[in-house]
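Student: One structure, as C-alpha cells, below. Some questions next.
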Amino acid sequence: MRSETEIRAELRTFVQRHAGQVAVTDDMPLFTLRVLRSVHLPELIILLERLRGAPIDVEQLRMGDFDGIDAMVARFGGNP
C-alpha cells in the first residue's frame, strides 16, 4: 500500500498522459469532461489495484467512484 501522496502522483501521471494539453486538477470530473473515456477504465482499475495492493471487486463499483482523482483516492486509496 502506497501513501496518499504517492497514489495521487501516480494517478495524476496516468491522467495527464491521456489528457494531452488539458490542465488537470484533482477535483476535475475526468469522464464527464471526456478527459478520460471508457476505454481507459480497465487500465485505470489495474493501476488502482497495483497502487492499493489489492484487487478491486468490479461488482462493488458505484457511480462516482471515478469522478476525479479526489474521488478515486477516497474510494480506493485507503486500506482494502
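Residue numbers for the sequence shown follow numbering that gives the first Met the number 0, beginning at 0 and rising by one.
Using N, Cα and C, we set each Cβ at its ideal position, and we do this for glycine too.
None of the values given here were measured: they were computed from a predicted structure.
(1) Buried or exposed for G67, please, with buried defined as at least 16 other CB atoms from any protein chain shown within 10 angstroms of its CB.
(2) Measuring alpha carbon to alpha carbon, tell me which of M0, F75 and D69 ends up nearest T24.
(3) Of the choices E58, P54 and M62, whose alpha-carbon is the least far from that of G76?
(4) Can you give me the Cβ contacts of G63 inside the same chain, cut-off strictly under 7 Å, excluding the 5 residues immediately before and after it?
(5) In or out: V14 buried (at least 16 other Cβ within 10 Å) or exposed?
Tutor: Per the coordinate set shown:
(1) Position 68 of the sequence shown, counting from 1, holds the residue named residue 67. By the neighbour-count rule (16 or more Cβ atoms within 10 Å), G67 is buried.
(2) Within the sequence shown, numbered from 1, the residue matching residue 24 stands at position 25. When each option's Cα is compared against that of T24, the closest is D69.
(3) Counting from one through the sequence shown, the residue named residue 76 turns up at place 77. For the residues E58, P54 and M62, the minimum Cα distance to G76 belongs to P54.
(4) Position 64 of the sequence shown, counted from the first residue, corresponds to residue 63. Once the five neighbours on either side are set aside, the close Cβ partners of G63 are A70.
(5) Working through the sequence shown from its first residue, we reach residue 14 at position 15. Flag for V14 reads buried.
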